[in-house]
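The working numbering puts the first residue of the sequence shown at 1, with every later residue one more than the last.
These notes concern the structure reproduced below.
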Amino acid sequence: MATKKYIYSERAHYMCPNMHFGIIADIQKTYKKELLKESIEALKRAHPLLSSLITEEKDTGKIFYDKQDNLDIPIEVGSDWQSDYDKVSKAGWNVQKEALLKIFVYPLAESFKILFITHHLLCDGRGLLQLVEEFAECYSNNEKPKFSEERLIENISDLPQGSDLGFMSKIIIKDANKKWGKEGHKVSFDEYLKFEKDFDSKQNTVRNIMSFDGPSLEKIVFECKDNEVSVNDYIIAKMMIDENTTKVIIASDIRSKIKNYNEGSMGNYASAFSVVVKKRSSNVFELAKMVRDEVKKILRSPRKEMLVLACYFTMDPELLDAVAISTLGGFKSNAGKFVGSKMFGFEAREGYCITNLGKIKSSSISEAAFIPPASPANRKAWGVLTVNDKMRICSLYSGH
Numbered sequence: 001m002a003t004k005k006y007i008y009s010e011r012a013h014y015m016c017p018n019m020h021f022g023i024i025a026d027i028q029k030t031y032k033k034e035l036l037k038e039s040i041e042a043l044k045r046a047h048p049l050l051s052s053l054i055t056e057e058k059d060t061g062k063i064f065y066d067k068q069d070n071l072d073i074p075i076e077v078g079s080d081w082q083s084d085y086d087k088v089s090k091a092g093w094n095v096q097k098e099a100l101l102k103i104f105v106y107p108l109a110e111s112f113k114i115l116f117i118t119h120h121l122l123c124d125g126r127g128l129l130q131l132v133e134e135f136a137e138c139y140s141n142n143e144k145p146k147f148s149e150e151r152l153i154e155n156i157s158d159l160p161q162g163s164d165l166g167f168m169s170k171i172i173i174k175d176a177n178k179k180w181g182k183e184g185h186k187v188s189f190d191e192y193l194k195f196e197k198d199f200d201s202k203q204n205t206v207r208n209i210m211s212f213d214g215p216s217l218e219k220i221v222f223e224c225k226d227n228e229v230s231v232n233d234y235i236i237a238k239m240m241i242d243e244n245t246t247k248v249i250i251a252s253d254i255r256s257k258i259k260n261y262n263e264g265s266m267g268n269y270a271s272a273f274s275v276v277v278k279k280r281s282s283n284v285f286e287l288a289k290m291v292r293d294e295v296k297k298i299l300r301s302p303r304k305e306m307l308v309l310a311c312y313f314t315m316d317p318e319l320l321d322a323v324a325i326s327t328l329g330g331f332k333s334n335a336g337k338f339v340g341s342k343m344f345g346f347e348a349r350e351g352y353c354i355t356n357l358g359k360i361k362s363s364s365i366s367e368a369a370f371i372p373p374a375s376p377a378n379r380k381a382w383g384v385l386t387v388n389d390k391m392r393i394c395s396l397y398s399g400h
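This is the structure we're talking about:
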């Protein structure tokens, strides 16, 4: 009997709205329904989490990936990807009954577009990009993805040495845990689903894809090299100037830094941290240099880079469940609201966030865009992906 895959740091995504994101990709082959289904089945065989629902243990309150023998991943022929994405967002996502991946396909004359939408419990952004690449190679070239058993991050000792919380952070979270324990209640998943549907129905999210390729991208790359900054530094600085903010949260891929990662497996192997540059500058490259120096400083310190994950591991899992609902409405918990407002930004809802999945070359995918999650903490998010020297930035604005 297979060992249960319990959910640890991913628990932050279990009872939080809008914990889904997507990739829309252009596949340079004629659409064939049966071949598409066969390719998705090959993905399922390679990644057990794709065939899993989320189940709660009645006696312990722990949650785990519950592998199903006959779980279908829904595939629909869509009409407009924006409308289809909105449809998924408005419906909520019952992870105890629905697969963690949903697919829409848009046939064209000699090619097709495909939209993968995943719940954050399945993987992070890099994991989804890998899935889309594996699908494209399987569909186009009959290259089957390799089986990779998930080895999830289970506790703080799995993170790099020095990742533990600082003294004051530990005190604050342990105090919140204590107050939560005294409240003597917890959020049921049914309560959460009711809240999620109500919350999602009131959201007004606008998405827009900005394209940079040919001379427009070459100019950015050249100027970045000339100023000794990365394109990512430039993008962060651009958001700071455009949105008049001194703080941007960025995602950080930690696969190469942790002990228990099986190459190619699903799961969450990312952290996130705030890049803060208090000195104002209207010159994007001057600001990008300050961003570069700040990011380098954070990446040298596991305590700073892994802060959000260390918080998750230190917090009572059932308190983590209550954070969103008690801050955004629907459940009364002073401990949950304290964490949600003071630590997660769910009360102010004024965050700015960038997830850059980097760049890939592909003969099967001509171009693609990454649609970032519309976290309740954020006002604006950018999802960045570069395929075959075509950079797409999906800008997502949440009007609260």
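Where a beta carbon is used, it is the ideal one built from N, C-alpha and C, also for glycine.
query                                                                                                                                                                : result
Based on DSSP bridge pairs, tell me the residues matched to residue 367.                                                                                             : 26
Do you know offhand how far residue 61's Cα is from residue 305's?                                                                                                   : 29 Å
I need the boundaries of the alpha helix (DSSP H) containing residue 392, first residue and last residue.                                                            : Premise fails: residue 392 lies in the beta strand (DSSP E), 390-399, not in any alpha helix (DSSP H).
Hey, out of 375, 326, 366 and 398, whose CA is closest to residue 140's CA?                                                                                          : 366
Hey, is the region 24-44 in contact with the region 245-261, meaning 3+ C-beta pairs nearer than 8 Å?                                                                : no
When the Cα atoms are used, what is the spatial distance from residue 216 to residue 342?                                                                            : 40 Å
What do you reckon, are the CB atoms on residue 49 and residue 207 nearer than 8 Å?                                                                                  : no
Would you kindly work out how many angstroms separate the C-alpha atoms of residue 282 and residue 234, rounded to a whole number?                                   : 13 Å
Could you check if residue 384 is buried or exposed, using at least 16 other CB atoms within 10 Å of its CB as the buried criterion?                                 : buried
List the residues that DSSP assigns as beta-bridge partners of residue 248.                                                                                          : 275
What does residue 52 pair with, by DSSP beta-bridge criteria?                                                                                                        : 67
At the level of alpha carbons, what is the spacing between residue 271 and residue 380?                                                                              : 19 Å
Take the Cβ of residue 259 as the centre, count every other Cβ of all protein chains shown within 10 Å, and call the residue buried at 16 or more, exposed below.    : exposed
From residue 172 to residue 339, what distance separates their C-alpha atoms?                                                                                        : 9 Å
One question on the structure: do residue 95 and residue 131 come within less than 8 Å of each other, judged by their Cβ atoms?                                      : no
Bridge partners for residue 352 per DSSP, in chain order?                                                                                                            : 380
Please state whether DSSP places residue 387 in a helix, a strand or coil.                                                                                           : strand
Please return the same chain residues whose Cβ sits closer than 6 Å to the Cβ of residue 316, not counting the five positions on each side in sequence.              : 177 and 180
Check whether the region 321-328 and the region 183-195 are in contact - that is, three or more C-beta pairs closer than 8 Å.                                        : yes
Looking only at its chain, what residues have a beta carbon closer than 7 Å to the beta carbon of residue 12, apart from the 5 residues adjacent to it on each side? : 312 and 320
Can you tell which of 145, 6 and 386 has its C-alpha closest to the C-alpha of residue 55?                                                                           : 6
Taking the C-alpha atoms as reference points, what is the distance between residue 392 and residue 368?                                                              : 7 Å
Count Cβ pairs between the region 61-79 and the region 294-305 that sit closer than 8 Å; are there 3 or more?                                                        : no
For a test of the three-state rule: what should DSSP assign to residue 1, helix, strand or coil?                                                                     : Legend: pLDDT at residue 1 = 43, less than 50; position of this residue unreliable, no value from coordinates given.
So, are the CB atoms of residue 162 and residue 303 less than 8 Å apart?                                                                                             : yes
Apart from the five residues just before and just after residue 214, which ones in its own chain have a Cβ nearer than 6 Å to its Cβ?                                : none
Between which residues of its own chain and residue 151 is the CB-CB distance below 8 Å, once the five residues before and five after are set aside?                 : 260, 261, 262, 265 and 267
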